[in-house]
Amino acid sequence: MPACDLERHPLLPWLALRHTTGIGPVGAVRLYQKLGAAWFNSPALAGCDLSEGQRRQLLSPQWPVLERLLAWQEAGRQRHILAWDHPDYPAQLKSATGAPILLFVDGELAALRREQLAVVGSRHPSYVGRENTRTLVPLLVEAGLAITSGLAIGIDGLSHQAALDKGGITLAVLGSGLEQCYPRRHRRLATDIMARGGALLSECYPWEGPLAHHFPRRNRIISGLSLGVLVMEAAERSGSLITARFALEQGREVFAIPGAWQNPQAGGCNRLIQQGAKLVCDVRDILEELAAFSEAAIKIHPPVTEELLPYPDLLDNVGLEATAVDLIASRCQQPVQEVLTRLVELELAGWVESVPGGYVRARRG
């Protein structure tokens, strides 16, 4: 690109704002709105409440950074750099206080315009958390929602994969630059997300690695892009609760799936419900809430038709957490061998599943 074009490049003001000490996203947008795109030469700059050092930084063009960013963008067919005032900057995120002033995207821009639900949770989910994710996410996709998460191991990765398996669109917000996919084990998943119409996003420069302070900031983007946040499973001290807090501050809906109080992985969800998050027992609990303020024609699933249960007295004593055979037999007051025979029949019919420690109730589609 000729030097004269670089001097007028629309990213320069945003890069200057990003590299000015003491000016965060909120202050940067306010300053940009006050002075306009041509504020480099604006006499009003002197009247702003800025230190001499800040004014000096603002008037120092970030040529090396701009050239490196443009080289990154040109090296990929679907790479985009969206400043806060760019027409393709997602409107849902833009409405959130503290939205990033620069957003880097690898993938389909159309995915950013989709109605999204954030799905987050534990990095070490229980069997129940995994099954809830594999069951609910396809129904959300079927209803017309794109699934947004953070590409982390655990619930995040399961959510992305479940959306792809259903043929849906999913977006991943990274806590690193887009050239430094983290975690490494999800590089293939990231490639699949882009190949199937989704997108990877980050506010980090593409070459930046994963740093601890990136991840809490990443969470505000996940919630900001979405109509609401569904916490699948989370301990009381969990990054997922940071996402939920951002969602509340941004005026988004918060949903949580309850769990047994003995399960430490359910403590965060139970606490969110105590504090006013919507308790989720069924996908309709989410869709009915979203339909009230979503512009999308979200399909509400009809009630599930009741099906005659085989061995109902036995099934009543098999839940979503592993239950030992002898405990089931004791509760049913039946011989262990007879209970075991019936459990095998139920497993073959798809009603229960054998897991370490006993049996759990299966999720029947």
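If you read the sequence shown in full-length UniProt numbering, its first letter stands for residue 1, the second for the next number, and so on.
All residues carry an ideal CB built from backbone N, CA and C; glycine is no exception.
Values in this document were obtained by computation on a predicted structure and should not be read as measured data.
Q | Minimum length 4: unbroken alpha helix (DSSP H) runs contained in the region 213-259 | A | 214-224 and 239-249
**Q.** Residue from 265, 144, 160 and 343 whose Cα sits closest to the Cα of residue 150
**A.** 160
Q) Counting Cβ pairs closer than 8 Å, one from the region 232-244 and one from the region 265-278, do we hit at least three? A) yes
(Q) Which of the three DSSP states is assigned to residue 9 in this structure? (A) coil
Q: With DSSP collapsed to three states, give me the class of residue 19.
A: coil
Q) residue 129 by DSSP, collapsed to three states: which one? A) helix
Q. If we call anything under 8 Å between Cβ atoms a contact, is residue 101 one with residue 28?
A. yes
(Q) Can you look up residue 331 in the DSSP assignment and give me helix, strand or coil? (A) helix
Q: State the beta-bridge partners of residue 186 as determined by DSSP.
A: None; residue 186 has no bridge partner.
Q: Would you be able to state if there are at least three C-beta pairs under 8 Å between the region 125-142 and the region 247-265?
A: yes
Q: Out of 173, 70 and 12, state which residue places its alpha-carbon closest to the alpha-carbon of residue 61.
A: 12
Q) Between the region 190-201 and the region 165-180, are three or more C-beta pairs nearer than 8 Å? A) yes
Q) Rounded to a whole number of angstroms, what is the C-alpha to C-alpha distance between residue 113 and residue 198? A) 11 Å
(Q) By the DSSP assignment, the alpha helix (DSSP H) with residue 56 in it spans what residues? (A) 52-58
Q. Within the chosen definition, does the region 87-102 reach the region 174-182 through at least 3 CB pairs nearer than 8 Å?
A. no
Q.
Looking at the strands, I want to know which residues DSSP matches up with residue 353.
A. 360
Q: Identify, in the order they occur along the chain, each residue of the same chain with its Cβ nearer than 6 Å to the Cβ of residue 96, setting aside the five sequence neighbours on each side.
A: 224 and 250
Q. For residue 354, which residues from the same chain have a beta carbon less than 7 Å from its beta carbon, with the 5 sequence-adjacent residues on both sides left out?
A. 347
Q) From what residue to what residue does the alpha helix (DSSP H) around residue 29 run? A) 25-35
Q. Straight-line CA distance for residue 46 to residue 21?
A. 17 Å
Q.
Taking its Cβ as the centre, do 16 or more other Cβ atoms sit within 10 Å of residue 350, making it buried, or is it exposed?
A. exposed
Q: Using 10 angstroms around the beta-carbon of residue 25, count the other beta-carbons present and answer buried if the total reaches 16, otherwise exposed.
A: buried
Q | Limits of the unbroken alpha helix (DSSP H) element including residue 376 | A | The shown model of the chain, from 1 to 365, leaves out residue 376, and the question about it has no answer.
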